[in-house]
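Visitor:
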Amino acid sequence: MDSLPARLADRALCIGPGRASESYLRVDTIVQAARGVQADAIHPGYGFLSERTALARLCEEEGVTFIGPTSAQIDAVGDKLCARAQAEAAGVPIAPGGPVETVGEALALGREIGPPLLIKAVGGGGGRGMKRVDRLEDLAAGMNLAAGEAGAAFGDSRLYLERFVARGRHVEVQILGDGRGGVVHLGERDCSVQRRYQKLIEETPAPELSRDFRARIHAAAVRFAAQLSYRSAGTVEFLVDLERDAFYFLEMNARIQVEHPITEAVTGIDLVAEQIAIADGRGLGSKQEEISTEGCAIECRINAEDSERDFCPSPGRVRTAVWPSGEGVRVDTHIFSGAQIPPFYDSLMAKIIVHASDRAATLERMRQALASTHIEGVATNLGFHAEVLADPEFGRGGVDTGFVPRFLERRLEEARAHG
Numbered sequence: 312m313d314s315l316p317a318r319l320a321d322r323a324l325c326i327g328p329g330r331a332s333e334s335y336l337r338v339d340t341i342v343q344a345a346r347g348v349q350a351d352a353i354h355p356g357y358g359f360l361s362e363r364t365a366l367a368r369l370c371e372e373e374g375v376t377f378i379g380p381t382s383a384q385i386d387a388v389g390d391k392l393c394a395r396a397q398a399e400a401a402g403v404p405i406a407p408g409g410p411v412e413t414v415g416e417a418l419a420l421g422r423e424i425g426p427p428l429l430i431k432a433v434g435g436g437g438g439r440g441m442k443r444v445d446r447l448e449d450l451a452a453g454m455n456l457a458a459g460e461a462g463a464a465f466g467d468s469r470l471y472l473e474r475f476v477a478r479g480r481h482v483e484v485q486i487l488g489d490g491r492g493g494v495v496h497l498g499e500r501d502c503s504v505q506r507r508y509q510k511l512i513e514e515t516p517a518p519e520l521s522r523d524f525r526a527r528i529h530a531a532a533v534r535f536a537a538q539l540s541y542r543s544a545g546t547v548e549f550l551v552d553l554e555r556d557a558f559y560f561l562e563m564n565a566r567i568q569v570e571h572p573i574t575e576a577v578t579g580i581d582l583v584a585e586q587i588a589i590a591d592g593r594g595l596g597s598k599q600e601e602i603s604t605e606g607c608a609i610e611c612r613i614n615a616e617d618s619e620r621d622f623c624p625s626p627g628r629v630r631t632a633v634w635p636s637g638e639g640v641r642v643d644t645h646i647f648s649g650a651q652i653p654p655f656y657d658s659l660m661a662k663i664i665v666h667a668s669d670r671a672a673t674l675e676r677m678r679q680a681l682a683s684t685h686i687e688g689v690a691t692n693l694g695f696h697a698e699v700l701a702d703p704e705f706g707r708g709g710v711d712t713g714f715v716p717r718f719l720e721r722r723l724e725e726a727r728a729h730g
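Following the working numbering, the numbering of the sequence shown begins with 312 at its first residue and continues without gaps.
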């Protein structure tokens, strides 16, 4: 109740203790709270229950508008195998692979595809239940680990196997659907700067993509969403295979994304306002030909974690929080001087978003914004972001998902050389 959003809200309700299992994950409590204050709609944000069918379904049953897709659509894309089938039906490329229930099935499919392979959880996300296997003889052990992790995290231990793309980029397309088959895209974002499948820096437009490639990936995302008659904002995620000059469907996030502000920056479109309008039955605010992008935008996720100690979480009290400001700078945060960062949730403290005329100007603006940010009391990854923005490989643009491991290894080697 002492967070910045609660302080700024006209009214805030306590829905339970700090632990998510006793509060934010209680669907019945949330809907009951909405009914209690006579709220006619619920926006689920981008965490916790935003992609849980149970909340959308209970809202439908209780006559509360869910500002998001239908429960059936969340179901359709939440199951990775179902989503792959939808992609295939829409003519969207998928990576070679398929479901596996036994080690024997996995070995047969693995021989057909060829290593390296990626074991993935059907109900997974955020890298949990995902294991890379470089040798067929390691498949059994990898499947055991992935199934156990997926079962604990999602209550679903089903797995599928895909070709592992050695040099890939994570590129996602922002779409809006009216629920009646009408779909528009708002360009793409590059989210390849990741650590253990967790995004750290996102930018739009994705650098170093040809106009033709960009058009094809946009069209694929629109086809996929139209196949579902998708309603609300959503993101269709792709893995770009640099060695094959191809892209494959990864998944669809049936919610607003953490990184949505960079799309808002280059399009001038308020995505949450669009979600609300669509949920209210007013349809799409713009036709595709009316949507354009201007300049470049980058987002850095500022987390309460110690990048010098393997990114260990750093809960505690923030003594001082000074955020950047100025032209082309936006900060989304729940943190203020004196705020407490509890140990129960994600370590995300803030998102620093900058927008400028081109990528070079945007990078410089972000460097200045990071230098103007000052946080005391907890460890943060501010220094990590500053180092990445100074790195020549990142500066050239178009890095693949292996960039962060390479960057950290270079940093470690330099420390050893000077140690």
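Glycine included, C-beta positions come from ideal geometry on N, C-alpha and C.
Predicted model, so just to flag it, every value in this text is computed and none were measured.
Quick one: what does DSSP say residue 686 is sitting in, helix, strand or coil?
Guide: strand
Visitor: Along the chain, where does the beta strand (DSSP E) containing residue 611 start, and where does it finish?
Guide: 607-614
Visitor: For the beta strand (DSSP E) holding residue 489, just list the boundary residues, first then last.
Guide: 479-489
Visitor: Round the Cβ separation of residue 421 and residue 428 to the nearest angstrom and send it over; I've been treating them as touching at under 8 Å.
Guide: 5 Å
Visitor: Three or more C-beta pairs under 8 Å: does that hold for the stretch 712-723 against the stretch 522-535?
Guide: no
Visitor: Kindly provide the ranges of any beta strand (DSSP E) runs that are 3 or more residues long and lie completely inside the stretch 385-459, ordered along the chain.
Guide: The beta strand (DSSP E) runs of length 3 or more contained entirely in the stretch 385-459 are, from start to end of the chain, 408-411, 428-432, 442-444.
Visitor: Measure the beta-carbon distance from residue 607 to residue 696 and round it to whole angstroms, keeping in mind my assumption that it falls under 8 Å.
Guide: At roughly 17 Å, the Cβ-Cβ gap does not stay under 8 Å, so residue 607 and residue 696 are not in contact.
Visitor: Kindly indicate which residue of 708, 418, 722 has the alpha-carbon position closest to the one of residue 517.
Guide: 708
Visitor: I'd like to check one pair, residue 424 with residue 478: are the Cβ atoms closer than 8 Å?
Guide: no
Visitor: Suppose only complete runs of 3+ residues qualify. What are the beta strand (DSSP E) ranges in the stretch 663-725, listed by chain order?
Guide: 685-687
Visitor: Taking only three categories from DSSP, how would you classify residue 501?
Guide: strand
Visitor: Cβ of residue 618 within 8 Å of Cβ of residue 694?
Guide: yes
Visitor: Exposed or buried, which one is residue 471 when buried takes at least 16 other CB atoms within 10 Å?
Guide: buried
Visitor: Can you grab the Cα-Cα spacing for the pair residue 466 / residue 671, in whole Å?
Guide: 45 Å
Visitor: Which whole-angstrom value is the C-beta distance of residue 507 and residue 438, which I expect to be below 8 Å?
Guide: Their Cβ separation, rounded to whole angstroms, is 5 Å, which keeps residue 507 and residue 438 in contact under 8 Å.
Visitor: From 615, 629, 630, pick the residue whose C-alpha is nearest to that of residue 623; which is it?
Guide: 615
Visitor: Using the rule of at least 16 other Cβ atoms within 10 Å of the residue's Cβ for burial, across every protein chain shown, is residue 571 buried or exposed?
Guide: buried
Visitor: Tell me, please, whether the stretch 486-498 touches the stretch 533-552 by the rule of three or more beta-carbon pairs shorter than 8 Å.
Guide: yes
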